[in-house]
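Line by line, the protein sequences are chains A and B. Just so it is clear: in the first sequence, position 141 is 141 by my numbering, and no numbers are missing. Position in the second sequence counted from 1, then plus 1000, gives you my numbering. Heads up, the beta-carbon is just placed ideally off N, CA and C, and yes, glycines get one too. On a predicted model such as this, the values are computed, not experimentally measured, just so you know.
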Amino acid sequence: MATTEQPQGRSLGDRLYDGAFKNRLWKSIFRSGYPNTPRNQMLAVATNVFLHLHPTRIHRTHVKITHTFCLGGLSFFLFLGLTITGVLLMFYYVPSVERAYGDILALDTDVRFGKLMRNLHRWMAHGMVLTVLMHMMRVFYTGAYKPPREFNWVVGVVLLVLTLLLSFTGYLLPWDQLALWAITVGTNMVGSAPLLGEPNRFVLVGGFQVGQAALIRFYTLHVIGLPLLAAIFMTVHFWRIRRDGGLARPL
Amino acid sequence: MAVAEQAQPASRAVRARQRRVREEELLVWPDLVFVEFISAVLFLGLLAILSVLVDAILLDQANPAVTPNPSKAPWYFLNLQELLLHMHPALAGVIVPTVALIALGAIPYFDTSNDYQGEWLTSPRAWPNLVVGAVVGTVGTTLLIFYDASFHVRFYEWIVNPGEDRFLPGLSEDGQPIDNPDFNAWPESLNWLKSLRSLQTEVNWPTELEAIPLGSKVLRTDLLGLPAIDLDVNFPAMVVEQIIPVGAMVGLPLLLSAAAWKVGLAQTRRDHMILQFSGFIAVYVILTIIGTFFRGEGLELVPYTIFAHH
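Following this line, the structure appears as structure tokens:
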């Protein structure tokens, strides 16, 4: 005859669990217990500064991959990846016309994982332009710009411009023929504006042609000015998503 | 309308806020956080593989004395560089992108209804408008570029000159015109239709139209503290570089919307927005593709890839 044996005291699993997640160290960091109950799962999101970008609960249609294709999230992911690889590249790169090209060559040949970092940075940059454009198309075709989200669409357009400018300023930094002449062509377009075009081009390039002044300007904009601006607008963008009631869905 | 009969809440934004349906909700941990985590890992992996396999391009050291032919902007600006070939640089480089961005930002202030949001293209006529906008944008842009590259002239000469080497038959191998009495060239009376620019160069404009003096009182740059500009208007150049391009960029989309409205394809503002936005994306994409892959030496319209040249 089978009998149901009640365990004498707590099982090993329970004791390990308590030891790992119910000690003072864990609780000092995470406050809530391990997120294996609905309560703890909601607390995990609500009490964590990073996860707090999300609401604690979300409509089931918004988790479907085909609703968003994760495009906005991917753009943010690429921004983070670009920040990390960019910081690593800054260790080796000096924005001077004498050194820049040599530093890039050294990254490709002398620095361990230097080439990987540079390649990652480059492909992530191209990828971010693409995902931001596709994210804009997704938002448009799902009608997600409609009230009350009008202003967040405008913030998104600003972020698109900032993304293009970030990529454009980074384009000059390798200081090869491609970089120099692409920026020359691009800044000449600015110079063709009526009246204030030429003064604007002069300020942007820091002279009559793309040289040392342009390199240091583009570098500064690329590594600090534009990323800061983008971070500010992204903060507004994400905040507004929450404030406007999460992702759009049919009324 | 049903909405009008109800008491109106304070603002459109309040009315538009969707109600929460608790039983339809999932917990963000794990249902969303895990999706985000997995896609982040997946894309990091894919990017790492891409970065191992394909190196970022690096040409020779920058040399201001050597201008590569062609010199191209980054790929996402090649659409603007393509426009530069067909119109005044101030238009292509600054005014068009500025107006386009403002128009993009203005979409929600034009299409103010909140019907059909949060779902992919569920409004009636959404797909037909998307397809028509995209096709008209693609075909129209391609045809305009072909026109400016005189493809219709080459096509005409190819049709009316039967024979073995009738492709580009009016030119020798090194591109020089051949004096061939049997060759039927594009009719001289239609030379002004060879390309957009030939409207300026192939028409006997009165010389006084090529420099209409407007003096320094039109552009009051002196008020901005800049040197005064004596403005001379070259009317034929203005037609080719400004009036026709602006007319095309403003008029053709308006014509498309009017036609779509007339045949009942675009009835609501959302319809018009889908039509125009799809057209805009198509034009953006096709200009980028042509600028990237079909502009070679001297920015001639020929197949081109940067990798074959370095």
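Environment of residue i [buried if 16+ CB atoms lie within 10 Å]
i              : result
residue 15/A   : exposed
residue 1003/B : Only weak support exists for where residue 1003/B lies, its pLDDT of 46 falling under 50; the coordinates are left without a value.
residue 232/A  : exposed
residue 184/A  : buried
residue 1010/B : In this prediction, residue 1010/B scores a pLDDT of 48, lower than 50, which makes its location untrustworthy; the coordinate-derived value is nonetheless stated afterwards. Exposed is the call here.
residue 1220/B : exposed
residue 1111/B : buried
residue 1096/B : buried
residue 208/A  : exposed
Residue-chain proximity (residue i, chain A), Cβ-Cβ < 7 Å
i              : result
residue 1124/B : no
residue 1051/B : yes
residue 1120/B : yes
residue 1055/B : yes
residue 1265/B : no
residue 1028/B : yes
residue 1060/B : yes
residue 1291/B : no
residue 1117/B : yes
residue 1079/B : no
residue 1114/B : yes
Backbone CA spacing between residue i and residue j [nearest angstrom]
i              : j              : result
residue 1006/B : residue 143/A  : Because residue 1006/B carries a pLDDT of 48, less than 50, the predicted location of this residue cannot be relied on, and the following value inherits that uncertainty. Rounded to the nearest angstrom, the two C-alpha atoms are 24 Å apart.
residue 1134/B : residue 1280/B : 8 Å
residue 1298/B : residue 1145/B : 16 Å
residue 327/A  : residue 163/A  : Absent from the model: residue 327/A. The displayed extent of chain A is 1 to 251, so no value can be given.
residue 1128/B : residue 246/A  : 29 Å
residue 1107/B : residue 229/A  : 24 Å
residue 1197/B : residue 1271/B : 36 Å
residue 1209/B : residue 200/A  : 32 Å
residue 36/A   : residue 193/A  : 60 Å
residue 173/A  : residue 210/A  : 12 Å
residue 1075/B : residue 1278/B : 20 Å
residue 197/A  : residue 1099/B : 16 Å
residue 138/A  : residue 132/A  : 10 Å
residue 124/A  : residue 79/A   : 8 Å
residue 1199/B : residue 1087/B : 13 Å
Residue i: first and last residue of the uninterrupted alpha helix (DSSP H) it sits in
i              : result
residue 150/A  : 150-172
residue 1031/B : 1028-1031
residue 1213/B : Looking at the DSSP string, residue 1213/B is not in any alpha helix (DSSP H); the run it does join, the beta strand (DSSP E), is 1212-1215.
residue 1233/B : Counting along the chain, residue 1233/B falls outside any alpha helix (DSSP H), though it belongs to the beta strand (DSSP E) covering 1231-1233.
residue 237/A  : 226-243
residue 118/A  : 114-141
residue 1019/B : No alpha helix (DSSP H) holds residue 1019/B; DSSP gives it neither H nor E.
residue 1096/B : 1096-1110
residue 1183/B : Note, residue 1183/B: premise wrong, no alpha helix (DSSP H); not H, not E.
residue 246/A  : Residue 246/A -> no alpha helix (DSSP H), and no H or E assigned at all.
residue 1152/B : 1151-1160
residue 182/A  : 177-191
Within 7 Å, strictly: CB atoms of residue i and residue j
i              : j              : result
residue 1202/B : residue 1186/B : no
residue 1073/B : residue 1081/B : yes
residue 216/A  : residue 38/A   : no
residue 946/B  : residue 54/A   : What is shown of chain B runs 1001 to 1310, which leaves residue 946/B out entirely.
residue 153/A  : residue 141/A  : no
residue 222/A  : residue 170/A  : yes
residue 66/A   : residue 117/A  : no
residue 1258/B : residue 1138/B : no
residue 1295/B : residue 1304/B : yes
residue 1032/B : residue 63/A   : yes
residue 249/A  : residue 121/A  : no
Proximity test, Cβ basis, 7 Å: residue i and chain B
i             : result
residue 169/A : no
residue 248/A : yes
residue 122/A : yes
residue 256/A : Any property of residue 256/A remains undetermined from this structure, which presents chain A solely from 1 to 251.
residue 50/A  : no
residue 198/A : no
residue 32/A  : no
residue 72/A  : no
residue 295/A : In the structure as shown, chain A begins at 1 and stops at 251. Residue 295/A is therefore absent and cannot be evaluated.
residue 140/A : yes
residue 128/A : no
residue 98/A  : no
residue 58/A  : yes
residue 145/A : yes
residue 46/A  : no
residue 119/A : yes
residue 125/A : no
First and last residue of the uninterrupted beta strand (DSSP E) at residue i
i              : result
residue 1145/B : It is not in any beta strand (DSSP E) - residue 1145/B instead sits in the alpha helix (DSSP H) that spans 1126-1148.
residue 57/A   : 57-59
Residue i CB to nearest heavy atom of the ligand ATP below 6 Å
i              : result
residue 1138/B : Because no ligand of any kind appears in the structure shown, any question about the ligand ATP cannot be addressed here.
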